[in-house]
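A.B. asks:
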Amino acid sequence: MTKDEHRSTARVLSILTVLSSEKEGLTLAELSQRLHAPKSSLFPIVHTMADQNFIFFNEAVQKYAIGLNAYLVGISYMNRHNVFELVQNEMKHIMEQCSETCQFGILEHNLVLYLAKVDSPEPVRLSSDIGKRLPAYCTSLGKALLSRCTMEELKELYPDPLTPFTSNTVKTLEELASQLQKVRETSIAVEQGETHPDISCIAVPLSRNHQVAASISVSVPTFRFTPEKRRQIETLLLMAKPKLETLLEQNEQIQ
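For the record, in the sequence shown the residue sitting at position 80 is 279 according to my numbering, with numbers rising by one throughout.
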C-alpha cells in the first residue's frame, strides 16, 4: 500500500478484486490467506459489504462471492462506455466468419484479465468466463500483451520459475522472450495446448499511443486447428486489428 492510500478503502477494493476471480467464492479464512490480512480485521469489512449487497455470503458453504450491487456497478460501466459494445460487434463478426470463440483482454500485472467474449456456436468449444484471470506467459492473449516487454521487464513480472499447466507450457523466460520477438515481427501470438492440452489460440496485440493496451484472440479445439483454419483466423484478426485500435485510441477507459 502506498502512503496516499486509505487502508480500509484499499482493503474493500482488494476484497472485490480477489472475489471477482473466484467463481465459487472464498471463506473468510481463504480471504485472509489471499490478502495476507487477519480475519479479525477482515470480518467487519466483509460483514458491511454483505449488508450492502456488494458481496454475498452463502451460509451453506460459508463462502463470500461477488454480490448484486457490485455486478450492477460493472454493468453501469459497460453501458456508459459503448466501446465494449463496438469491440464485441467486431468480435461477433470474427466469430461468425470462423465459428470459433473470440475473447478480448488486458494485462493486469502479470495476468490476463478477460473482459469480453463471444462464444462459438459449435457444440465442442472453449468454456471460459468474463472476469477470469490467467498467467499471461502461457496464453496467446497474454503473449500479445507482453510482446513489447524487455527481458528485464519479464524478470520483474515473473521472478519465480514459470508454473507449467501442460507439457506444452513455455518453460523459461528465454523461451518466452524468443516467442515474443516473433509476435513483434508478425503481430501474431500463438498458444498450442499451453493452458489446456486440447485448446489452441491465436491473438493479436492492440496498441494505443504506441503501447500495447489490449489484445483479441480466437480459441479453437485442437482437433479443428487445421492449417487452413489457422490462416483464416490470422487473416481475420489482422483485418480487425486497425479497426479495434482506432476504437481504443478514442477511448481512454480501457487500461
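Don't be surprised by glycine CBs; every beta carbon is placed ideally from N, CA and C.
For Gly341, which of helix, strand or coil comes out of DSSP?
C.D. replies: By 1-based counting over the sequence shown, the position of residue 341 is 142. Gly341 falls in the helix class under three-state DSSP.
A.B. asks: Between the alpha carbons of Glu448 and Asn408, how many angstroms are there, rounded?
C.D. replies: As a working mapping, residue 448 is identified with position 249 in the sequence shown. As a working mapping, residue 408 is identified with position 209 in the sequence shown. Roughly 7 Å separates the two Cα atoms.
A.B. asks: According to DSSP, what are the bridge partners of Gln304?
C.D. replies: On the sequence shown, residue 304 is found 105 positions in, with the first residue counted as 1. For clarity, residue 304 is Gly in the given sequence; the question names Gln instead. Bridge partners of Gly304: Tyr313, Ser414.
A.B. asks: For Phe422, I'd like the list of residues in its chain whose CB is within less than 6 Å of its CB, leaving aside the five on either flank, ordered along the chain.
C.D. replies: Locating residue 422 in the sequence shown gives position 223, counting from the first residue. The answer is none, since no qualifying residue turns up.
A.B. asks: Determine the extent of the alpha helix (DSSP H) in which Arg233 is found, giving its start and end residues.
C.D. replies: Residue mapping note: residue 233 aligns to position 34 of the sequence shown, counting from 1. Residues 227-234.
A.B. asks: Using a Cβ-Cβ cutoff of less than 6 Å, which residues in the same chain neighbour Thr201 once the five nearest sequence positions on both sides are dropped?
C.D. replies: Taking the sequence shown and counting its residues from 1, one reaches residue 201 at position 2. Annotation note: pLDDT 48 at Thr201 (below 50); position unreliable, no value reported.
A.B. asks: Mind checking Gln410: buried by the 16 CB within 10 Å criterion, or exposed?
C.D. replies: For the purposes of this step, residue 410 is taken as residue 211 along the sequence shown, with counting starting at 1. Flag for Gln410 reads exposed.
A.B. asks: Which residue wins for smallest C-alpha separation from Glu221, given the options Met248, Ala209, Ile254?
C.D. replies: Numbered from 1 along the sequence shown, position 22 holds the residue referred to as residue 221. Comparing Cα positions, the closest option is Ile254.
A.B. asks: Just the C-alpha distance for Leu267 and Leu225, rounded to the nearest angstrom, thanks.
C.D. replies: Counted from its first residue, the sequence shown places residue 267 at position 68. Counted from its first residue, the sequence shown places residue 225 at position 26. Approximately 16 Å, taken between the alpha carbons.
A.B. asks: Please name the residue, chosen from Leu312, Tyr270, Glu321, that lies closest to Pro334 on a Cα-to-Cα basis.
C.D. replies: Counting from 1 along the sequence shown, the entry for residue 334 is found at position 135. For Pro334, the nearest C-alpha among the options comes from Leu312.
A.B. asks: For Met248, does the count of other Cβ atoms within 10 angstroms reach 16, so buried, or fall short, so exposed?
C.D. replies: To locate residue 248, count along the sequence shown from 1; it is residue 49. It is buried - the Cβ of Met248 has at least 16 other Cβ atoms within 10 Å.
A.B. asks: Nearest CA to the CA of Gln380: which residue from Thr394, Glu355, Ala343?
C.D. replies: Here residue 380 refers to the residue found at position 181 when the sequence shown is read from its first residue. Ranking the options by Cα distance to Gln380, first place goes to Ala343.
A.B. asks: For Phe283 and Glu374, I'd like the C-alpha separation in whole angstroms.
C.D. replies: Locating residue 283 in the sequence shown gives position 84, where the first residue counts as 1. Locating residue 374 in the sequence shown gives position 175, where the first residue counts as 1. Distance between the alpha carbons of Phe283 and Glu374 is about 34 Å.
A.B. asks: Under 8 Å between the Cβ atoms of Glu384 and Thr338?
C.D. replies: Taking the sequence shown and counting its residues from 1, the one referred to as residue 384 is at position 185. Taking the sequence shown and counting its residues from 1, the one referred to as residue 338 is at position 139. Not a contact, by the Cβ cut-off of 8 Å.
A.B. asks: Please classify Cys400: does DSSP put it in a helix, a strand, or coil?
C.D. replies: Along the sequence shown, read from residue 1 onward, the residue named residue 400 stands at position 201. Note: Cys400 maps to strand in three-state DSSP.
A.B. asks: Using only CA atoms, which one of His205, Leu234, Gln251 lies nearest to Thr216?
C.D. replies: For the purposes of this step, residue 216 is taken as residue 17 along the sequence shown, with counting starting at 1. Minimum Cα distance to Thr216 is reached at Leu234.
A.B. asks: Mapping DSSP to helix, strand and coil, what is Ile254?
C.D. replies: Working through the sequence shown from its first residue, we reach residue 254 at position 55. It is a strand residue.
A.B. asks: Contact check, Ala315 vs Met290 under 8 Å by CB: the rounded distance?
C.D. replies: In the sequence shown, counting from the first residue as 1, residue 315 sits at position 116. In the sequence shown, counting from the first residue as 1, residue 290 sits at position 91. That pair is a contact at about 7 Å.
A.B. asks: Taking only the alpha-carbon atoms, compute the straight-line gap between Leu345 and Gly304 and give it to the nearest angstrom.
C.D. replies: Looking up residue 345 in the sequence shown gives position 146. Looking up residue 304 in the sequence shown gives position 105. For Leu345 and Gly304, the distance between alpha carbons rounds to 12 Å.
A.B. asks: By DSSP's criteria, Ser406 is part of a beta bridge. Which residues make up the other side?
C.D. replies: Here residue 406 refers to the residue found at position 207 when the sequence shown is read from its first residue. For Ser406, which the question treats as bridged, DSSP gives the partners Val411.
A.B. asks: Just to confirm the assignment, what range does the alpha helix (DSSP H) spanning Met206 have?
C.D. replies: Numbered from 1 along the sequence shown, position 7 holds the residue referred to as residue 206. Correcting the residue identity first, residue 206 is Arg in this sequence and not Met. Run containing Arg206: 206-219, per the alpha helix (DSSP H) assignment.
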